[in-house]
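First up is the structure itself, then whatever we jot down about it.
There are 2 protein chains.
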Amino acid sequence: MPISNKQIIYAQRPAPAIDPRLSGGTFAVKQTAIEEPIPADKVLVRIHYLSLDPAMRQWLTATRSYIAPVEIGDVMRSNAIAQIVGVGSSLKNEFKLGEWLVAGTGWQEYALLSAQAAKAQRVVVPEGCTPSDAMSVLGLTGLTAYFGLLEVGQVQNGDTVVVSGAAGATGMVAGQIAKIKGAKRVVGLAGTPDKCRFLTEELGFDTAINYKDKDWRKQLKAACPEYINVYFDNVGGEILDACLGLAAPFSRFAICGHISQYSAAQPEGPRSIMMLIGQRVTMRGFIVFDYAKQYPEALKNLGQWLVEGKIKRKDHIIKGGLEACPQGLVDLYAGANTGKMMVEVAPFSQAIQSKQGERL
Amino acid sequence: MPISNKQIIYAQRPAPAIDPRLSGGTFAVKQTAIEEPIPADKVLVRIHYLSLDPAMRQWLTATRSYIAPVEIGDVMRSNAIAQIVGVGSSLKNEFKLGEWLVAGTGWQEYALLSAQAAKAQRVVVPEGCTPSDAMSVLGLTGLTAYFGLLEVGQVQNGDTVVVSGAAGATGMVAGQIAKIKGAKRVVGLAGTPDKCRFLTEELGFDTAINYKDKDWRKQLKAACPEYINVYFDNVGGEILDACLGLAAPFSRFAICGHISQYSAAQPEGPRSIMMLIGQRVTMRGFIVFDYAKQYPEALKNLGQWLVEGKIKRKDHIIKGGLEACPQGLVDLYAGANTGKMMVEVAPFSQAIQSKQGERL
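Chains as they are written, first to last, in the numbering used here: chain A, -7 to 352; chain B, -7 to 352.
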């Protein structure tokens, strides 16, 4: 009997903001089915949690980038925490029912994966970590923070580090790694008083600034009396401009995201660009995938810090199933989340029992 | 008897453009004198040629930078080709009359230098080179091109290299070094058809584009079918923006100058800044002084390329004496020059004979 599989597909281009309506909006619901038995060389996974990421808006635009855009009519691209619920006849010795993966399934309830794809994405969560860590601190989110701060930002003991989008999934990890690495001052920018309190009281940021305050530029200057050695940029726009104005000599600007600009019809360039010369700033854009060879070492460190409590995690789980994805994405751009935003498609309580009884 | 010494001092801040008038403008003429005998620990130099440089506009503004601004009332800062015409009584064994220096004398006819300053700036021009080379290809200009292209730009065999301000003193050297280093395509941007012809016909650039042409962006795109691996930026603004839009993966943007923006009341940031992420661009501002330890090796290479004819030089000498400096600077920003712009304060024919008969 076919397995009913609901999908959310990319229906029409945003113009330029995403329209979250399920009818007539950017995305549309599509009812499909997966035939059984599944192909001999595939595994069938059930999606439990879908990741919502700032990069998604860029995937909807046909610009030259590190990744091909999502095509109209395709299932919307997304990572997911998923469980193997079916194994093709030729793969019975390689996969077991109940194994967990973090896979690029897209916005749907089920997905068929090749053996190669499934193998690369097996989840190994260290003792003391939680299932959703595999898609946040121990997933691409944490890895992005790790490589952005250490490889691109080259953070040094005694540095002043500024993180924008600091209450977001990547930003909060970046700021905590900065503290672990001996930064003298870690300053976070976020968009609500609650987020700011969370950064200083829970995560150990030295200062948090609400960028919606009128005098945020003044606060930022006061928080960086020795200027900025490392800036971890998730937002672009005005905040990037202000940080350039406060760049220390030979500072490193790790450009991770530009969330303030993704839906702008006319993006804004940093007017303080001339500081690049006077302060010999290195500004480098990066993509986590370029560091794939170093993932194992990074995950070892991140896992250890998580277990030791040196990194605290926070997830923002949206209940409401697959159909909550489009509105969730709009909320993400509006800054609704503190921590990693995920949509719950099926709770962990509905997971099948792994035959190995493996923990997740 | 005192030596009459005319100076040009910084009189009032530009607002924001430089006003070249000698009365009521940005600068003013001041008549001073140097007493004889000169102090025992100084050398007296006579200035022959003064360098006009795009960085000068920035020195007039009190922004945080790599160098303190020139203060109102000070002699305008500038490098010069100068000759020792007097040696303090305690330095007779260290300096000889007639020795040549490239020294930061400022805009005046004569200057007193400390022994330390004078020693560091002795001119050594290789056989086959001309006196003015010491302030252009074999001076800070050539060194800026050298380190910008090789250390910051990391040019590789087969690269597409774009140089803006390509007919300027630094740009023309940068483009020629790119060819020496095996760049596949060297594309220059300049502001007149004559400059463009000069770049392709005399200097070996593969393509030259007049950025005043209406379709310059289209021409630039056509000239870079494999996108841009190294961009040597002298101008900022629109051209930097266009080059970012054409950045190749992992490209290097060496930010040397922003001549299009120095006199702008509100500088313009590059709107294509998001390409930094998608293409993992490294954008780095630099100052030649940071590479001082590597000057000897660089000068050896530049001297050799000059003698071998692999680098061609061109100077733009303004006759008219010291008073021609302010208007010369305005003309520099208007793009009047092809090659290194200098003001002749005293021709070489007026130099005193060196006692060593050393050549210059």
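Built from N, CA and C at the ideal position, the CB exists for glycine as well.
Chain-ordered chain A contacts of residue i [CB-CB under 7 Å]
i, result
"B/Ile247", "Leu268 and Ile269"
"B/Asp282", "Arg272"
Chain A contact residues for residue i, given Cβ-Cβ distances below 8 Å
i, result
"B/Phe278", "Ile269 and Arg272"
"B/Glu260", "Gly261 and Arg263"
"B/Asp233", "Gly261"
"B/Asp198", "Residues of chain A passing the Cβ test: none, with the nearest at roughly 23 Å."
Interface flag, residue i vs chain B, CB-CB below 7 Å
i, result
"A/Ser57", "yes"
"A/Met275", "yes"
"A/Gly349", "Caution is warranted here: a pLDDT of 41 is assigned to A/Gly349, below 50, making its placement in the model unreliable, and no coordinate value can be reported."
"A/Pro6", "no"
"A/Ala9", "no"
Short Cβ contact (7 Å threshold) for residue i with residue j
i, j, result
"A/Ala170", "A/Val147", "yes"
"A/Leu83", "A/Ala107", "yes"
"A/Pro46", "A/Ala54", "no"
"B/Tyr(-3)", "B/Ile26", "What sits at residue -3 of chain B in the sequence shown is Asn, not Tyr. A contact, by the Cβ cut-off of 7 Å."
"B/Leu130", "B/Leu291", "yes"
"B/His40", "B/Ile73", "yes"
"A/Asn226", "A/Gly157", "yes"
"A/Gln168", "A/Ile1", "no"
"A/Leu236", "A/Ser264", "yes"
"B/Leu324", "B/Leu44", "yes"
"A/Ala239", "A/Gln211", "no"
"A/Val337", "A/Leu321", "no"
"A/Ile231", "A/Leu195", "no"
"B/Pro8", "B/Ser252", "no"
When the options are compared against residue i, the one with the closest alpha-carbon
i, options, result
"B/Lys34", "B/Thr24, B/Gly145, B/Val77 and B/Thr53", "B/Val77"
"A/Ala32", "A/Val322, A/Asp66 and A/Glu86", "A/Glu86"
"A/Val280", "A/Ala9, A/Ile59 and A/Ala109", "A/Ile59"
"B/Tyr138", "B/Val322, B/Glu27, B/Arg177 and B/Pro288", "B/Pro288"
"B/Arg244", "B/Leu42, B/Met164, B/Leu268 and B/Ser255", "B/Leu268"
"A/Val117", "A/Gly295, A/Met334, A/Gln211 and A/Leu191", "A/Gly295"
"A/Gln369", "A/Ser128, A/Arg114 and A/Glu101", "Within the shown structure, residues of chain A are numbered from -7 to 352, placing residue 369 of chain A beyond reach of any answer."
"A/Asp66", "A/Leu212, A/Asp207, A/Ala3 and A/Ser43", "A/Ala3"
"B/Pro262", "B/Ala234, B/Arg114, B/Ala7 and B/Arg305", "B/Ala234"
"A/Glu28", "A/Val79, A/Asp307 and A/Val179", "A/Val79"
Residue i at chain A interface by Cβ criterion, 7 Å
i, result
"B/Arg263", "yes"
"B/Asn(-3)", "no"
"B/Arg250", "A quick correction: the sequence has His, not Arg, at residue 250 of chain B. Closer than 7 Å to some Cβ of chain A, the Cβ of B/His250 qualifies, so yes."
"B/Met334", "no"
"B/Ala3", "no"
Closer than 6 Å: residue i CB and nearest the ligand PLP heavy atom
i, result
"B/Pro31", "The model on display carries no ligand, and the ligand PLP is accordingly not part of it."
Range of the contiguous beta strand (DSSP E) that encloses residue i
i, result
"B/Ile269", "First-last for B/Ile269: Met267 to Gly270, but that is the alpha helix (DSSP H), not the beta strand (DSSP E)."
"B/Ile59", "Looking at the DSSP string, B/Ile59 is not in any beta strand (DSSP E), and its letter there is neither H nor E."
"B/Ile(-5)", "Ile(-5) to Tyr2"
"B/Gln23", "Phe19 to Ile26"
"B/Trp92", "Trp92 to Ala95"
"A/Arg244", "Ala239 to Ile247"
"B/Leu36", "Lys34 to Ser43"
"A/Met333", "Lys332 to Glu336"
Limits of the alpha helix (DSSP H) - the one that residue i falls within
i, result
"A/Lys187", "Pro185 to Arg189"
"A/Val322", "Cys317 to Tyr325"
"B/Gln108", "Ala107 to Ala112"
"A/Gly295", "Tyr287 to Val299"
"A/Lys213", "Trp208 to Ala215"
"A/Val165", "Ala161 to Ile172"
Contacts that residue i makes with chain B (C-beta to C-beta distance below 7 Å)
i, result
"A/Gln253", "Met266"
Closer than 9 Å at the beta carbon, the chain A residues around residue i
i, result
"B/Asp33", "Under the 9 Å cutoff, chain A gives no residues; its nearest Cβ is about 32 Å from B/Asp33."
"B/Asp45", "The premise fails here: B/Asp45 is roughly 13 Å from chain A at the closest Cβ pair, so nothing lies under 9 Å."
Contact set between residue i and chain B, taken where Cβ atoms lie within less than 8 Å
i, result
"A/Gly228", "Ile265 and Met266"
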